[in-house]
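J.:
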Amino acid sequence: MPDTQSLVNEFVLKLKRRKVEGSQATAKQTAELLRSVISQQRVPPHTNQAGVLIDAIKAVGEQLIAANPVELAVGNVVRRVLHIIREEDLSLATTAIGGLGLSAGSDDEDNVEQDDHPGLSAAAVAAASRFTLRAPSLHTLLEGIPDPTAVHHTSSSGGDSEGKSKSADKSLRIRKLKHDVIEAVNQLLQEIDTCHELIAEQAVEHIHQNEVILTLGRSRTVMEFLCAAKEKKRSFRVFVAEGAPRYQGHILAKELVARGLQTTVITDSAVFAMISRVNMVIVGAHAIMANGGVIAPVGLNMVALAAQRHAVPFVVVAGSHKLCPLGGHNPSYMYRLIADYYSADDFVVARKSAAE
Amino acid sequence: LFLLDCDAAEGNKGGAASGGVSLGNPKPAKSAKPPLERKDATHAAASVAASEKKGGDRPLEKDRKKDVPHPRMQFDDKHRYEHGTQLPDLEAKFFQLDPMHPSVYKVGLRYLVGDLSGGNARCIAMLHAFKDAISDYTTPSEKVLIMDLPAKISSYISFLNECRPISISMGNAIRFLKSRIRRLPVTVSESEAKATLQSDIDRFINEKIIIADKVIVEHAVTKISDGDVLLTYGSPAVVEMLLLYAHKLGKKFRVVVVDSRPKLEGQGLLRRLMANGLSCMYTHINAISYIMHEVTRVFLGAASVLSNGTVYSRVGTASVAMVANAFRVPVLICCEAYKFHERVQLDSICSNELGDPDTISKVPGRKDLNHLDKWANHENLQLLNLLYDATPSDYVSMIVSDHGMLPPTSVPVIVREYRREELWI
């Protein structure tokens, strides 16, 4: 697609030159770009449509991630979109089992050679789809993936192949998959857009009267969070550590004062001294890793250690586009969250060669 | 001649549009004082006269907003930095103060502008000034030296306190001096008394500071081995001596100098170390978590060590010790025994010193960072410049003092055994 390729190239250049500021803007633009890629991707019938889309996204995603490896939001959004494609395909497959003809649709693409078996019987494909619907469990792992060419009489319905309605349904399905994926990506975009508001809504539960909050550097999420509490008439004061060498704390302090909050600017070296009088530390993050760790502006490790020593709650506020599936073993509270947003197959975003 | 250069954030923040303050040469005591111009623009320093000139000829321009202190934080000297520095106020109040010996006045002004910093340097300078004051002292008629001299010294101390709150090292030295005065035999003549006191002061400086530093360096250098990576914070005088001595002995090590705003004292240390050929790395305190994994030992200085083993030192020391502890790197505090104090402090807020808030809003070399200009106009905004912090004793592996290498819990023992009021051994 020459049209999308030029868009992609333009965005890659912007990423390389660090022209895009901030995770939210980066995530949004990445999502919009991927949406254009999807909508303009030609998906020929009789093929594994989800596979084609996934390939296309992976090809583009690879380039984007390589352009700015430090901005993890890019990779996160790429993986989110891949997961969306898989999910939408899966949900279409479930509805298709109920009688519509299936032409493709397993999302275990690396295990199933769909291209070699274009004319699968509906029953076999339905069985394969039903298999994939089962939640991953030890049983399924040990059982292995059933060969879709073998006929498994497990399907409870849709045993007859409805060849006549197939072609009509197929075109419907093509459009439906792309349509569903694009709708889901739109939802993702909206989620990225409104992340600050959604987080700020919870501010009142956590910030109470006469509290002392400490923060370091400047995060827009933190600022919206604090201002939301201020709107709800909580009176509290904020200590802002300046966050050398960027000194973004100065900017945050100015903004908070403009919104009417009692603010005190301190140097980074004074954090340990002040933290004994602080009720809560609220900071933003650059990225949140799958093992629960946080990538944040320099100096926050010191603040975290000091907060731990003084038993001060350390709160990190971040939008879901900052949640990164990389980073090691997931502790229990992260596992569900990661599994909701990402697929295990997408950890390495690399385009598969055609032979595979 | 003695010229002070104090252009660092000294302008009067009041209605007057004054620029920097320039001080002329304070002349020796005998000459008359030039008139002090207290017009809008410039402030010229007074030179000191032994006789008190009747003042009240200049209006005071006080443009201070009353800071409402945060209910959780009360600093005794909070009034010192209410939107402006003390220098113009001090000069204004000069004529209401008691007559000041010129040496004491000189030292006070050096404290005020930050020319003299560091516990040892301030203490030595103060003691030298007191030596001069004692040598020029004559007992007024109908007064006894043993009673009058301490009163005079107290007046000097309150002046110095106005310039900058006295440090713990200075406080201990003053207690020593007053106890020596009290112990003078009643029958001694004035000249003998003065000579005794001066030699006592010399002995104190020599034994408690200069030789003590040498002993500390001798002890601590045994803890440095080849291949070490040593980290230090700020610019502690003893640690500097230690590093230079170890380098002279031929040990192979490299140094990481950690610095922080607003004082950036580490830059001076860095220059001096590099001039002597040590290989150094320089970084900001925010990066200590990043480099601590390469460090083998941390050497820190202290303003004082308190009786619960808490180390009272430059702000940021506690953070460095905490991160070193997290990475299992030993932390050694080098502190002379005269700085130990029987006070106990639980955290850094109970007792501290405030610095000039303008140094936070202005970042030298970064003119683009002007977000906090005119911070005084916003009543919701405060800038807090703490000077000290308290490092808990469990972060400290060892204290190296002239009495040897001790754990932090031994400090009250030293205070009790070696510092009984009369003995000051």
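Each protein sequence line maps, in turn, to chains R and P.
Positions 1025 to 1380 (this note's numbering) are the ones given, in order, by the first sequence.
Positions 1202 to 1626 (this note's numbering) are the ones given, in order, by the second sequence.
Using N, Cα and C, we set each Cβ at its ideal position, and we do this for glycine too.
1. Which full runs of the beta strand (DSSP E) of 3+ residues lie inside the segment 1439-1485 of chain P, going along the chain?
2. Name the residue from P:LEU1584, P:GLN1546, P:ASN1578 and P:LEU1547 whose alpha carbon lies nearest to the alpha carbon of THR1560 (chain P).
3. To the nearest angstrom, report how far apart PRO1565 (chain P) and ALA1476 (chain P) are at their CA atoms.
4. Does ILE1275 (chain R) come within less than 9 Å of chain P when only Cβ atoms are used?
5. Cβ of ILE1216 (chain R) within 9 Å of Cβ of MET1304 (chain R)?
6. In its own chain, which residues sit with a C-beta less than 6 Å from the C-beta of ILE1275 (chain R), not counting the 5 before and 5 after it?
7. According to DSSP, simplified to helix, strand and coil, what is VAL1318 (chain R)?
8. Looking at the structure shown, is PHE1260 (chain R) part of a helix, part of a strand, or coil, going by DSSP?
9. Got a sec, what are the start and stop residues for the alpha helix (DSSP H) ASP1333 (chain P) sits in?
10. Any C-beta of chain R sitting closer than 9 Å to the C-beta of ASN1509 (chain P)?
11. Starting from ASP1548 (chain P), find everything on chain B with Cβ-Cβ shorter than 7 Å and list it in chain order.
12. What are the start and end residues of the beta strand (DSSP E) that includes GLN1286 (chain R)?
13. In chain R, what lies closer than 8 Å to HIS1579 (chain P) by C-beta?
14. Indicate the three-state DSSP secondary structure (helix, strand or coil) for TYR1271 (chain R) in the structure shown.
15. Using a C-beta cutoff of 9 Å, does GLU1034 (chain R) count as contacting chain P?
16. Can you tell me which of the three DSSP states VAL1339 (chain R) falls into?
17. Under 7 Å Cβ to Cβ from LYS1031 (chain R), same chain only, skipping five residues before and after it: list those, please.
18. Kindly indicate which three-state DSSP category ILE1109 (chain R) falls into: helix, strand or coil?
19. My guess is that SER1304 (chain P) and ALA1352 (chain P) are in contact by the Cβ rule of under 8 Å, so how many angstroms apart are they, rounded?
20. Quick one: what's CYS1348 (chain R) bridged to in DSSP?
21. Pull up the DSSP beta-bridge partners for VAL1416 (chain P), would you.
22. By the three-class DSSP mapping on this structure, what secondary structure does CYS1551 (chain P) have?
23. Does the beta carbon of THR1291 (chain R) sit closer than 9 Å to a beta carbon anywhere in chain P?
24. With DSSP as the reference, label ASP1590 (chain P) as helix, strand or coil.
25. Tell me which same chain residues have a C-beta within less than 7 Å of the C-beta of ILE1406 (chain P), skipping the five on either side of it?
26. Give a yes or no on whether the C-beta atoms belonging to VAL1524 (chain P) and MET1493 (chain P) are separated by under 9 Å.
27. Along chain P, which residues have their Cβ under 9 Å away from the Cβ of GLY1287 (chain R)?
28. The alpha helix (DSSP H) that contains PHE1296 (chain R), what's its start and end?
29. Compare the C-alpha of GLY1085 (chain R) against each of R:ASN1072, R:LEU1329, R:ARG1104 and R:THR1071 and name the closest.
30. Do VAL1418 (chain P) and GLY1510 (chain P) have their C-beta atoms within less than 9 Å of each other?
31. Let me know if THR1592 (chain P) comes out buried or exposed under the rule of 16 or more other beta-carbons within 10 Å of its beta-carbon.
32. Could you please tell me which residues of the segment 1314-1327 of chain R, in chain order, have their CB closer than 7 Å to any CB of chain P?
33. List, in chain order, every chain P residue whose beta-carbon is nearer than 7 Å to that of PHE1338 (chain R).
34. Would you check if the segment 1596-1608 of chain P and the segment 1418-1435 of chain P touch, i.e. whether three or more CB-CB distances between them fall below 8 Å?
35. Taking C-beta to C-beta, are SER1646 (chain P) and PHE1541 (chain P) nearer than 9 Å?
T.: If we stick to the structure as given:
1. 1454-1460 and 1480-1485
2. P:LEU1584
3. 24 Å
4. yes
5. no
6. ARG1242
7. strand
8. strand
9. 1320-1336
10. no
11. Looking for chain B here will not work: the only protein chains present are R and P.
12. 1286-1290
13. VAL1281
14. coil
15. no
16. strand
17. A quick correction: the sequence has Leu, not Lys, at residue 1031 (chain R). The answer, listed in chain order, is LEU1057 and SER1060.
18. helix
19. So it is not a contact: roughly 18 Å between Cβ atoms.
20. Beta-bridge pairing links CYS1348 (chain R) to no other residue.
21. Beta-bridge pairing links VAL1416 (chain P) to no other residue.
22. coil
23. yes
24. strand
25. ILE1325 and LEU1328
26. yes
27. The sequence given here places Thr at residue 1287 (chain R); Gly does not occur at that position. By Cβ distance, chain P contributes HIS1579, ASN1581, LEU1582 and GLN1583.
28. 1295-1298
29. R:ARG1104
30. no
31. buried
32. VAL1322, GLY1323, ASN1325 and MET1326
33. Correct list: empty, because the minimum Cβ distance to chain P is about 14 Å.
34. yes
35. Given a span of 1202 to 1626 for chain P in the structure shown, any question on residue 1646 (chain P) remains unanswerable.
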